[in-house]
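So our numbering is basically just the index in the sequence shown, starting at one, shifted up by 212. Glycine is no exception: its CB is placed at the ideal position from the N, C-alpha and C atoms. Below is one structure, written out as structure tokens, with a few remarks after it.
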Amino acid sequence: MAPGLHVLCRETDCAPCHAPIGSLAWRAARQVASTSTEYVHERMSPHEHFDVVIVGVGPAGLSAALILGRCCRKVLLCDRGTPRSWASKSMHGFIAHDGIPPAEFSNVASKELHRYPCVSFAPVEVTHAKPEKRGFAVTAGDSTVHTRKLLIATGLVDDLPQIEGFKALFGSSVFQCPYCDGWEYRNRPVAVYGQRHRGFEMARALTAWSRDIVLCTDGPAYMTADQRHQLAANDIQVSERRIRCLQHDGTRLSHIVFDDGTRLSREAIFFDLPSHAQSCLAAQLGCTFTHEGGVLCNKHEATNVPGVYVAGNIIRNVQLSIVAAAEGATAAFGINLALTREDFEGRIGDRSAMTRSASH
Ligand SMILES: Cc1cc2nc3c(=O)[nH]c(=O)nc-3n(C[C@H](O)[C@H](O)[C@H](O)COP(=O)(O)OP(=O)(O)OC[C@H]3O[C@@H](n4cnc5c(N)ncnc54)[C@H](O)[C@@H]3O)c2cc1C
């Protein structure tokens with residue numbers, strides 16, 4: 213097979229190329245893309261140069277690509293197909309799209325991006341990025357591409373506990389964000405899963421949606437007397453029993469079953485557990501991190517590493533899709549501003565050099 217980066221086609225009737233990112237059809241297209249030319253109708257030459265490479269095609273990367281495409285920038289979007297919302301059935305709280313399935317959201321976004329021929333999409337993992345004279349050399353799949361600016365929008369992934377039923381119900385009765393899924397369980401019997409300060413904070417947060425909350429700590433709660441007092445004053449029970457499994461019908465939680473054989477009837481669980489960055493690109497490039505583990509950024513989501521920008525959950529700001537999209541748009545604005553200024557000033561330098569050499 214000829215070398216070069218394989219990008220998905222622009223034929224609007226090509227179902228696999230236009231399947232929602234991360235869907236089964238998309239994964240199949242991606243697998244085929246690495247071994248044959250089927251589905252992959254466009255191939256870039258090796259060592260292609262871009263204005264911007266965006267790593268990660270979630271709400272943050274998609275939104276940045278739209279703004280940069282409209283700025284006539286040559287953009288490459290790379291994604292390996294592991295969105296944080298893999299288990300989510302509907303995306304809430306995104307104005308004008310409230311309740312849209314995430315796959316449909318990315319489908320609509322991909323169609324919009326197809327209007328901009330300067331934006332290409334490669335279903336590949338980016339494993340490495342190295343600063344070079346005029347930007348970065350980026351290892352995308354088997355290829356190396358060159359870019360003036362790099363936007364890392366690779367997001368986070370949730371660490372789920374190894375409790376039977378937890379993963380199966382994730383996204384349908386087990387959730388990590390009440391702002392995303394709390395409305396559907398308002399005034400319903402819910403549980404919080406979490407220990408220490410995290411469990412306490414999630415229980416407190418959920419009081420905006422329900423007053424029937426049990427905090428399940430799955431072992432010692434590790435809470436202060438004051439925290440216990442505050443929870444009790446808000447009618448939140450704390451259960452320190454070990455959890456054996458979750459009982460459900462496939463999508464709906466019915467009971468939390470404890471090791472001692474007792475059961476607790478609940479309709480949903482909201483948890484607060486650690487999440488980790490999906491890629492180590494920011495760390496690899498020397499970006500500074502905050503105490504909370506997010507990438508520290510300045511104006512227009514620029515990091516401390518010149519030319520590297522970040523957007524979305526990787527910043528660990530408010531972790532809603534609409535915020536990720538806004539951060540993507542902000543980063544795109546900053547990137548285009550920087551590129552325009554560089555080119556503008558470069559032309560002044562070129563013109564002065566020409567004038568000087570003409571006068572000698
Ligand atoms: C169960 C669940 C339900 C949710 N519901 C809602 C909701 O209702 N409303 C809401 O606003 N938010 C919701 N969220 C949160 C939402 O999913 C995130 O806020 C959003 O996805 C963040 O966007 P992002 O672009 O930062 O990252 P992501 O959407 O996670 O996208 C990051 C992308 O980067 C790619 N990637 C990672 N590393 C690499 C690499 N090295 N090379 C190439 N690609 C890479 C991944 O494949 C992924 O597609 C939910 C999350 C979960 C888990």
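Are the segment 388–403 and the segment 296–311 touching by the rule of at least three beta carbon pairs closer than 8 Å?
The segment 388–403 makes contact with the segment 296–311, as at least three CB pairs between them are under 8 Å.
Please report how far the alpha carbon of Phe-482 lies from the alpha carbon of Cys-284, in whole angstroms.
Cα to Cα, Phe-482 sits roughly 43 Å from Cys-284.
From the beta carbon of Thr-474, is the nearest beta carbon of chain C less than 7 Å away?
Absent from the structure: chain C. Only one protein chain is present.
Which residue spans inside the segment 271–343 form an unbroken beta strand (DSSP E) run of at least 3?
Fully enclosed beta strand (DSSP E) runs of 3 or longer: 287–290, 331–334.
Have a look at Gly-273, Glu-554, Ser-355, Cys-457 and flag the residue whose alpha-carbon is nearest the alpha-carbon of Ser-322.
Nearest option by C-alpha distance: Gly-273.
If I measure Cβ to Cβ from Asp-472 and keep anything under 7 Å in the same chain, skipping five residues before and after, which residues do I get?
Excluding residues within five positions, the ones whose Cβ falls inside 7 Å are Arg-453.
With a Cβ-Cβ cutoff of 7 Å, do Trp-421 and Arg-456 count as a contact?
Cβ atoms of Trp-421 and Arg-456: not closer than 7 Å.
On a Cα-Cα basis, can you pick out the residue from Arg-423, Val-520, Ser-569, Phe-412 that is closest to Met-435?
Comparing C-alpha distances from Met-435 to each of Arg-423, Val-520, Ser-569, Phe-412 shows the shortest one belongs to Phe-412.
Outcome for Thr-247 when other beta-carbon atoms lying within 10 angstroms are tallied against a minimum of 16
Reliability fails at Thr-247, whose pLDDT of 45 lies under 50, so the model's placement of it is uncertain and the value that follows must be treated cautiously. Flag for Thr-247 reads exposed.
From Leu-368 to Ala-523, what does the alpha carbon distance come to, in whole angstroms?
Between Leu-368 and Ala-523, the C-alpha separation is close to 11 Å.
Give a yes or no on whether the C-beta atoms belonging to Lys-379 and Val-264 are separated by under 7 Å.
In terms of Cβ geometry, Lys-379 and Val-264 do not form a close pair [threshold 7 Å].
Just checking Arg-292 against ligand 1 - is the residue's beta carbon closer than 6 Å to any of the ligand's heavy atoms?
Indeed, a heavy atom of ligand 1 lies less than 6 Å from the Cβ.
Does the beta carbon of Cys-499 fall short of 6 Å from some heavy atom of ligand 2?
Absence of ligand 2 from the depicted structure is noted, with ligand 1 being the only ligands included.
Buried or exposed: Gly-558, going by 16 or more other Cβ atoms within 10 Å of its Cβ?
Gly-558 comes out exposed.
Would Glu-297 and Pro-313 qualify as a contact pair, given that the criterion is a beta-carbon distance under 7 Å?
At residue 297 the sequence reads Ser, which differs from the Glu that was named. No, these two residues do not count as a Cβ contact at 7 Å.
Own chain residues within Cβ distance below 6 Å of Thr-351, not counting five before or after
Taken in chain order, the residues that qualify are Thr-339, His-340.
Does ligand 1 have a heavy atom nearer than 6 Å to the CB of Thr-366?
It does: the Cβ of Thr-366 is within 6 Å (strictly closer) of some heavy atom of ligand 1.
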